[in-house]
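As given, the protein sequences belong to chains A and B, one line each in that order. By my numbering, the letter at position 165 of the first sequence is numbered 165, and the numbering carries on one by one without gaps. By my numbering, the letter at position 225 of the second sequence is numbered 225, and the numbering carries on one by one without gaps.
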Amino acid sequence: MTPLDRPSAAEVAAAVRSGERSARSFIEESLTQIGRDEATLHCFNEITAEQALARAEEIDAAVAKGEDPGPLAGVPIALKDNLCTRGIATTCSSKILEGWLPPYDATVVQRLHQAGAISVGKTNLDEFAMGSSTENSAFGPSRNPWDTGRVPGGSSGGSAAAVAAGYVPLSLGSDTGGSIRQPAAFCGTVGLKPTYGLVSRFGLIAFASSLDQIGPFANTVADAALMLESIAGHDPRDSTSLPTQPSAYLAALGEGVEGLRVGVISDFLTDADATIEVAVRGAAEALCAGGATVEEVAIPELMNALAAYYLIAPAEASSNLSRYDGVRYGLRVDAPDVAKMNAATRQAGFGPEVKRRIMLGTYVLSAGYYDAYYAQAQRVRTLVAEAFNRAYAQFDVLIGPTTPTVAFPFGAKVDDPLAMYLSDLYTIPSNLAGHPAVSVPFALGEGAMPIGVQLLGPALGESVMLRAAQVVEAAQATGVRGPVAMSEGSAR
Amino acid sequence: MTEIAPGWELTVGLEVHCELQSATKLFCGCANAFGQTPNTNVCPVCLGLPGSLPVLNRTAVEFAMRIGLALNCHVEPSIFHRKNYFYPDMPKDYQVSQYDEPINLDGYIELPSGTRVGIERAHLEEDTGKTSHMGGGGRIHDADYSLVDYNRAGVPLVEIVSRPDITSPEDARAYVSELRSILVATGASDGRMEEGSLRVDANVSVRRSGTTELGTRCEVKNMNSLRSLGRAIEYEAARQIELLEDGGRVVQETRHWNENTGTTSSMRSKEEAFDYRYFPEPDLVSIAPSAEWVTAVREALPPMPSERRGKLLAAVRSASPDVDEHAIADQIVTVVDLGIDALVVAAIAAGADGRLALARGANEAASRPEDARALKVESFVELLHLESSGKLSATQAKSVLAAILESGATPAEAIAKLGFEGVDDAALAVIVDGIIGANPQEWQRFVEGDEKVAQFLLGQVMKQTKGQANGRVVAELLALRKGA
Ligand SMILES: [Zn+2]
C-alpha cells in the first residue's frame, strides 16, 4: 500500500472523532504496516506498540463518552528519537545515551498527546542529528522506501521514511541545517521547518540551540499545516519561544496565490542537477499559472551560509554535548580517575561524525580563534538574514530546490564529509536566518527518485508560504505521491 | 601609599561570590534551600538533562540590580555566556555566567575609614553542585571515589569584582566587611561567610615602593572568614616579597589557602588554566531592564550602612554634643552592622542619653542582635532613663537589659524578678540616716573630710540593703547630710 491509498491525518481524525472508525483500528493498521516493512527500512529505534494501543483505547473510550479527543484524534505519528519521551528510551541514535529514560515529555510530545495523536515509536536519525543520510546512526541506517539501496536523507531520515512508507501519516523531525527538508525531498514527503521560536524546543535534545527547530513530515501540505497548528505557540519553558499564538494555517490554505510575488533564487539553480532545475522552474510556472508574479532573484550572500553554519553549529554542539561525560546518566566507561573516565566514555560513546564536529567546535571557540571563526561566522549570519530581508521586501515567497541532487546510494558520501555537507547547501540559509521553509515533492528525477521543491518565507510567514506550497503540490507530477518499491514488497 | 614591608607595596583585588536569597534557583523552579538530602532538590533543568532549557528567574535579576545599585554601579543591558569546562559538579559541563556584557558595571564602595574601592562589575551566574572526595588525600586527583550533590547547582550568584584598589590586609577585611553589610542591607544575601554564602578570592601582587607597574599576581582561594582572608593576604605578600628579594620571580597561578598550616600552595599555573571557550548562551535571551524597573529598584533600596552610620552618629552627637567621635567609631560600625541602629536612633529621639544608648546598643544589645531588633523602643528608653537617673546602677542596667532581651519582659518585670526594686530613694534615706545615727564617730570623721570612712559608711548601707542600693544615690545622700 502506498501513502496515496491511505487516509490523510485529517481523514483519520475525522473518522475517529465521528466514531466512524476506532483509533485502535488505525493504530493496528499502522503496526501491521510497520511489522511488514520495518526489517528492511529500519525507520525506528523503538516501536511503542503497547503504549500506542493503550492510548488508542483511551481515545476510543473518550469518543464513546461523547468527548472530543482533539484535532489529531487517533492519528498514528512517529517521533524523532531526539525528542524526550517520559519513560521511553530517547537515544539520539547514540551509544552515549544508552539506557537513559527521560523523566519528562518534550513540549511538542505533550501537545500532540493533548491533540489526540498517538505515537507508535521513536525514529532513527544521524547521531545527535549530525548528518544527511542516517548513516551516522549508531544503530545502523534507515533505508529509503523508494529505493532501499539509497539513503532516506538526514538527519530525520527515520521520520521521513516512516511517512513515505505509509507507516504513519505524520511524524516529527528536527531541522538544524535542513534535517527535515532534505530527507523530505529524498523520500517524496512534505517537510516543514517553522520559524525559529514558533515551536518550543523544550525536550528536544540540542544539537545547535540557535538553529534547531522541530517540524512536521506529512504526505500533504494540508496535513503538515494541521500538525503545525497543534505544536506551534508560545511555551514558557523555552526562553527563545516567540510570544505568538499559532495562526490558523489550515484555514488559510486554498486561498491560492493570486497576486503573490514569488522570487526564484537563481543562486540555487547553478549547482543543482538539471532535472532539479527543471522541477523548480515547473513549480514556478504553476505559481504563475495560479496568478502569482514570478521573477528570478539573485541573493549571492546565501551561498556563504554553509561555511558560517559549519562554524556556528559545531561550536554550539561542542558545548551542548559536553554533558555526556559518564557522570550522571547514559554510558560510563570506568577509568582510574574522573578525567580519564570522561575521556574514555566519550571516546567509546560518540561516533566519528559527532567527534569531528565537537573537535571543530572546540577549535573555533578556542582562545585566539574565536574572533576569526565564531565571531566572523556570526557576522556572515547577520548578512544572510539581511539579504533575505531585502529579498522579502520585494517578494512574499522565495522558491528554489531543496537539495542539489536526489537521494544518493549508501556509501556515496559517507567518507567525504564535505560532499555530505553540501547536501544542505540550499536548506542552511533559512536556519541561519531563523526563517520558515518547506519542501514539497514535485517531480521525479534521476533513478525515478522524488525531487523536492523548496518554498521559503520570512519570519512567521508560514501561512502564505504554505498557500504557495499547496499550489505547487497541486501541480506535482503523477507518481510523486508514494513510492512503489515497498508496495511491491521488494527492493529495487 | 602604605608599605606592607619595608620597600614593598601591596595590591589586592577581590572577587566575592554572593549567593542570592531568591526563593527559587536561577533557571528553574527548584527551591533555593540548603541542608536537604543530597540530590533531592533538583529537576531536569538544574540537572542539565538532555533537552532541558533554562528560564531566567526575575527575582534573581532584581536582586542583582539591587546589589549593583547599592554598589553605585550602572545597570546595563546584559547577556549570558557559557563558560565551558569539564568538572563533575557542573551538570552541563558548562556554567551559565556573564562575561563581557555584565548586568552591573563600574561602581565603588566607601569604607568606614573613608577609603574608596572601585567595583569593576557585579554579574549574575549559576552556582555549581558540591563534590566530596572520599579517601586518598581528599582532593579529586587522589580520591578513591567522589560523590556529587547537585542541590546547590543552579543557585543564583552575583560575583562582585573589585578594582585592584586595596593596599593592605586590613583594607581587604574592611572591604569585605563593608560589602557584606551592604549585601545584607539590600536583602539579596544573608552574608554568611562561614557557611559559604559569601566566598572570597583574592588577587594578590606586590611591587617595589614608588614603582607604578603592577607585579605578577596570584589568585588565592579558600578563605572562609575575614580573619583567614587577612592572614592569607599577609602570607601571600610575604611569600612573593621573599621570592623577589631572593632574585626569583612570581609565577601567575591559582593558589590554595590552607587554614591549618597558614600557608598557600599552588593549585594550577596559568599554563594549566582552562580555556573556557566563552560564547553567548543561545538558550537565553538578553536582559534589558527598562528604565522604569531600574528606577523602581533604586527607589525601593533601603538606606545603606554608610548612610545609616552617618545618621546614627548625628543622633548621638545631637544628644551628647561633647562625644569623642573617634572613641565611638567602632560602636557605630557594630550597631549598624547588626541592624540595631534603628533602635538606638529611635531611643535617642525619644530622649534617651546618646552616649549611653550607643554603648548599650554596641555591647549588651549586640550580643543578642535578633532580640534587639525586635525590642520595643519604649522598653529600651525606659531602661536607659532608669540608668541615667541613677535608679539603676550600670551593672544593674546591663543585667536588666540582658533579661528583657532574653525573656521579652518589660524593664519593670525584669527589675522585680532580679530584685533590683527593693530600695526606693525615700527608704534609702531612712536607712542612711539610721547608719549615721548608729556610727557617730565615723560620721564625725566623714564630716571632717576623711574620705576613707565614706567607703565604710557606703558598705554599711549596702550590707543593710543586701547590695540593692544604688551607690551613687547613697553617696549623694551622704553628701547632702554632711552639707546640712
Ligand atoms: Zn531545578
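The C-beta atom is built at its ideal place from N, Cα and C for all residues, glycine as well. Remember, it's a predicted structure, so these values are computed and weren't measured experimentally.
- Within the region 351-416 of chain A, complete beta strand (DSSP E) segments of at least 3 residues are found at 397-401, given in chain order.
- From the beta-carbon of LEU365 of chain A, the residues of chain B found nearer than 7 Å are ARG277 and PHE279.
- With contacts defined as CB atoms closer than 8 Å, CYS46 of chain B and PRO112 of chain B fail to qualify as a contacting pair.
- One Cα belongs to LEU356 of chain B, the other to ASP190 of chain B, and the distance between them is close to 30 Å.
- At a cut-off of 7 Å, the beta-carbon of LYS25 of chain B counts as near ligand 1: some heavy atom of the ligand is closer than that.
- Cβ atoms of ILE96 of chain A and ALA23 of chain A stay farther apart than 8 Å, at about 36 Å.
- Under the DSSP assignment, LYS83 of chain B falls outside any alpha helix (DSSP H), being part of the beta strand (DSSP E) whose first and last residues are 81-84.
- Approximately 4 Å separates the beta-carbon atoms of ALA433 of chain A and ALA385 of chain A; this is inside 8 Å, confirming the contact.
- Residue state for GLY121 of chain A is assigned as strand, using DSSP reduced to three classes.
- Within chain A, the C-beta atoms nearer than 8 Å to that of ARG82 of chain B come from SER319, in chain order.
- Under the rule that a run must span 3 or more residues, the beta strand (DSSP E) segments found entirely inside the region 262-298 of chain A read 293-297.
- For ligand 1, no non-hydrogen atom lies closer than 7 Å to the CB of VAL55 of chain B.
- Under a 10 Å Cβ-count criterion, ARG323 of chain A is classified as buried, with 16 or more other Cβ atoms of the shown protein chains found around its own Cβ.
- A direct Cα-to-Cα measurement between THR212 of chain B and GLY330 of chain A gives close to 55 Å.
- Nearest Cα to ALA279 of chain A within the set A:GLY361, A:THR345, A:PHE350 and A:PRO404: A:PRO404.
- Runs of alpha helix (DSSP H) with 4 or more residues, each lying fully within the region 447-479 of chain A, are found at 462-474, listed in chain order.
- Within the region 227-256 of chain A, contact with chain B at the beta-carbon level (separation under 8 Å) is assigned to PRO236, ARG237, ASP238, SER239 and THR240.
- Each of B:MET134, B:ILE79 and B:SER181 was checked against the Cα of VAL333 of chain B, and the nearest Cα belongs to B:SER181.
- As for any beta strand (DSSP E) of minimum length 3 sitting wholly inside the region 64-126 of chain A, the runs are 76-80 and 118-123, ordered along the chain.
- Cβ contact annotation for ALA305 of chain A (same chain, cutoff 6 Å, sequence separation greater than five): VAL384, ILE428, PRO429 and LEU432, in chain order.
- In the DSSP assignment, TRP293 of chain B falls within the alpha helix (DSSP H) that extends over 291-300.
- Distance from the CA of ASP324 of chain B to the CA of ARG472 of chain B, rounded to the nearest whole angstrom, comes to 25 Å.
- Residue state for HIS256 of chain B is assigned as strand, using DSSP reduced to three classes.
- Residues of chain A whose Cβ lies closer than 9 Å to the Cβ of GLY48 of chain B are, in chain order, ARG323 and ARG328.
- Burial check for GLN470 of chain A: the Cβ neighbour count within 10 Å reaches 16 or more, so the residue is buried.
- In the structure shown, ARG116 of chain B falls within a strand segment according to DSSP collapsed to helix, strand and coil.
- Sorting A:ALA115, A:PRO436 and A:ASP337 by C-alpha distance to the C-alpha of ALA143 of chain B places A:ASP337 at the top.
- Nearest Cα to ARG356 of chain A within the set A:LEU311, A:ALA339, A:ALA377 and A:GLN394: A:LEU311.
- With respect to the 8 Å criterion, VAL336 of chain B and ALA315 of chain B are not classified as neighbours on the basis of their beta carbons.
- ASN84, PHE86, PRO88, PRO91, LYS92, ASP93 and TYR94: these are the residues of the region 83-94 of chain B whose beta carbon lies less than 8 Å from some beta carbon of chain A, given in chain order.
- According to the DSSP assignment, ALA308 of chain A belongs to the alpha helix (DSSP H) that extends over 305-320.
- With contact defined as three or more Cβ pairs closer than 8 Å, the region 246-259 of chain A and the region 218-236 of chain A are in contact.
- Where PHE44 of chain A is concerned, the enclosing beta strand (DSSP E) starts and stops at 44-47.
- The C-beta distance from VAL297 of chain A to GLY263 of chain A rounds to 4 Å, short enough to fall under 8 Å.
- Shortest gap from the CB of VAL155 of chain B to any heavy atom of ligand 1: 7 Å or more.
- In this structure, CYS43 of chain B has its CB closer than 7 Å to one or more heavy atoms of ligand 1.
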